[in-house]
Amino acid sequence: MSLIVIFFFLWKLLGISSWPGKEKHSHNCRIPEPFKDQVVVLIGNSASSDDISRDIARVAKEVHVACRSNAADTFIKQTGYTNIWTHSMIARVHEDGSVIFQNGKTILVDVIMHCTGYKYHFPFLETNGSVIVDDNRVGPLYKHTYPPTLAPWLSFVGIPWKVVPSPFPMFELQSKWIAGVLSGRITLPSKKEMLMEIKTFYARLEAQGTPKRYTHYLGIKKKIEHPETYRDEWEDHHLVSQAYQDFSFYV
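Note that the sequence shown covers residues 514 to 764 in the working numbering.
Next comes the structure, spelled out in structure tokens:
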């Protein structure tokens, strides 16, 4: 049996203890209606922030997206929308309900939503150091799934993030792999071989200057390296062309 608990991450904002608005995490966002006529700030600039901002913009008064990777003077109106703006990160919040961005803009806000990912935490799991979490790196894990010293009896599903185009096929493949190993149809490499591959993987990340917290980040690079694994049907060029036309309205 594989077990996993994931804790979401909330950005620490200066002044938040006295700020009167609502703080939420994207994990709890299901429908746009609760944000009707409200001013909402989303923290983060990845898939969840992008999806949620477009979804709630249909009913919200204003939607502001704050991202730490943006330049300090960033203030951009989203193409195709009249009520979405992109900012630099939040500088602080105040007890009068205002939010001040690094670009100097100040707005009165009803809701701050954290689209900031998750922190891995396993308080129920005693592995005697075989699995640890270090700066959100869960490891050592072979192929992000198996701790070599406890395989095949312990495995993890869903650790990687920023999986393109969707994480769910990966979850299914991990589950099939685990089932195959437990049934005896698939044989894992030896403990030594798995540990060696993990060591090589970590060394490559370090040489590239990749922080530990990005160990499980897959991103677009894998799609570029292995494009054939992301497409089941090759006779769909007309659909791809139509998609690009649709995207042009929003970029």
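All residues carry an ideal CB built from backbone N, CA and C; glycine is no exception. This structure is a prediction, so every number in the text was calculated from the model and none was measured.
{"Query": "Can you check whether the CB of Ala570 is closer than 8 angstroms to the CB of Ser769?", "Result": "Here the chain covers residues 514 to 764 and nothing more, so residue 769 does not appear."}
{"Query": "Tell me which residue opens and which closes the alpha helix (DSSP H) that Glu706 is part of.", "Result": "704-720"}
{"Query": "Please name the residue, chosen from Thr640, Tyr633, Leu638, that lies closest to Asp648 on a Cα-to-Cα basis.", "Result": "Tyr633"}
{"Query": "Among Ile613, Gly697, Val644, which has the Cα closest to the Cα of Ile672?", "Result": "Val644"}
{"Query": "Taking all protein chains shown into account, do 16 or more other C-beta atoms lie within 10 angstroms of the C-beta of Trp666, making it buried, or fewer, making it exposed?", "Result": "exposed"}
{"Query": "Count the other CB atoms within 10 Å of the CB of Gln687; is the residue buried (16 or more) or exposed (fewer)?", "Result": "buried"}
{"Query": "Do Gly534 and Val622 have their C-beta atoms closer together than 8 angstroms?", "Result": "yes"}
{"Query": "Please report the distance separating the alpha-carbon of Ala574 from that of Val552.", "Result": "First, the amino acid is wrong: residue 574 is Lys here, not Ala. When rounded, the distance between both Cα atoms is 6 angstroms."}
{"Query": "Check whether the Cβ atoms of Pro653 and Ile711 sit closer than 8 angstroms, and answer yes or no.", "Result": "yes"}
{"Query": "Tell me which same chain residues have a C-beta within less than 7 angstroms of the C-beta of Leu794, skipping the five on either side of it?", "Result": "Only positions 514 to 764 of the chain appear in the structure, and residue 794 is not among them; the question remains open."}
{"Query": "Go ahead and label Ile589 buried or exposed: buried means 16 or more other beta carbons lie within 10 angstroms of its beta carbon, across all protein chains shown.", "Result": "exposed"}
{"Query": "Between Ser539 and Thr713, what straight-line distance do the alpha-carbon atoms span, to the nearest angstrom?", "Result": "35 angstroms"}
{"Query": "Please report how far the alpha carbon of Gly722 lies from the alpha carbon of Glu546, in whole angstroms.", "Result": "43 angstroms"}
{"Query": "Return the bridge partner residues of Glu536 from the DSSP annotation.", "Result": "Ile625"}
{"Query": "I'd like to know whether the C-beta atoms of Phe669 and Thr662 end up nearer to each other than 8 angstroms.", "Result": "no"}
{"Query": "Under the three-state reduction of DSSP, which class applies to Leu695: helix, strand or coil?", "Result": "helix"}
{"Query": "Determine the direct distance from the alpha carbon of Asn583 to that of Asn558, and round the result to whole angstroms.", "Result": "9 angstroms"}
{"Query": "Spatial neighbours of Tyr757 within its chain, please: CB distance less than 8 angstroms, with the 5 preceding and 5 following residues excluded, ordered by chain position.", "Result": "none"}
{"Query": "Considering only DSSP beta bridges, list what Phe588 is partnered with.", "Result": "His600"}
{"Query": "So, Leu731 versus Lys689, is the Cβ gap smaller than 8 angstroms?", "Result": "no"}
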